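In numbering that gives the first Met the number 0, the protein residues as written are 0 to 171. Below you'll find the structure, written out as structure tokens, and then a few comments.
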Amino acid sequence: MEGKKIAIFPGSFDPMTLGHLDLIERGVRMYDRLVVAVVNNSGKRPFAFTLDERIDMVRIATQSLDNVEVIPLKGLLVDCAKKMSADIILRGLRGTNDFDYEYQMAAANREMTGIETVFICSAPKHSHLSSTLIREIASQGRSIGGFVPAVLEKEIMLRLQQAHQEAKEPHR
Ligand code: ADP
């Protein structure tokens, strides 16, 4: 991979959305190789989907794309980036809400290792899309068509409705 530009795109993908896929598709056009790193530990909250499920979702949705590799992200992003020989961290920006957190992370990562973060602005049609929104819509039984990659729609819907049902009736 000498001389090739490699980017690492980290995220939770809990679940994967069309916003994520759009970013990946645009990222592969910018770099020779794109490593999608699926976060394993999060300070935020427990994940709705397991690590394996989230990795599978990204693999299935990106099957037709060359030069995309999907890996679990364990430990620090900067260490994983180094291991994968990534030159750049890729992140998406949906608007000013994302900015403060992203700025902090980019600055910290650069401070630690000198790695730069490149931001891609979300397509306007995806700027409202988040994994949180998908989880809320699906758990209420509403369609998530047009929000997630079509190949994943059924499985995501099924899993989120199951989880919602179990949360309502924990002793069944
Ligand atoms: P994290 O918990 O690391 O923020 P997410 O899965 O929520 O993980 O997001 C991963 C990356 O994808 C982030 O850079 C985020 O800004 C970007 N992203 C999420 N949704 C969208 C969207 N609708 N459009 C563009 N980028 C998005």
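Cβ atoms here follow ideal geometry from the backbone N, Cα and C, with glycine treated the same way. All values derive from a computational prediction rather than experimental measurement.
I believe Met56 touches Leu151 by the beta-carbon criterion, under 8 Å. Please report the beta-carbon distance rounded to the nearest angstrom.
5 Å
When you compare each of Lys3, Ile7, Ala47 and Glu24 to Gln160 by their alpha carbons, which one comes out closest?
Ala47
Distance between Ile114 and Arg28 (C-alpha atoms, nearest Å)
20 Å
Do the CB positions of Ile23 and Met83 come within less than 7 Å of each other?
no
Compare the C-alpha of Glu135 against each of Lys4, Ile5, Pro9 and Asp13 and name the closest.
Asp13
Please report the distance separating the alpha-carbon of Cys120 from that of Asn96.
12 Å
Below 6 Å, is the gap between the Cβ of Leu128 and the nearest heavy atom of ligand 1?
yes
Alpha helix (DSSP H) runs wholly inside the stretch 97-159, at least 4 long, in chain order:
130-138
Could you tell me whether the Cβ atoms of Leu50 and Pro148 are closer together than 7 Å?
no
Please name the residue in Leu17, Ile5, Lys81 and Gly2 whose C-alpha comes closest to that of His127.
Leu17
Going by the C-beta, is Phe12 closer than 6 Å to any heavy atom of ligand 1?
yes
DSSP beta-bridge partners for Gly91?
Ile119
Start and end of the alpha helix (DSSP H) containing Gly26?
Leu17 to Met29
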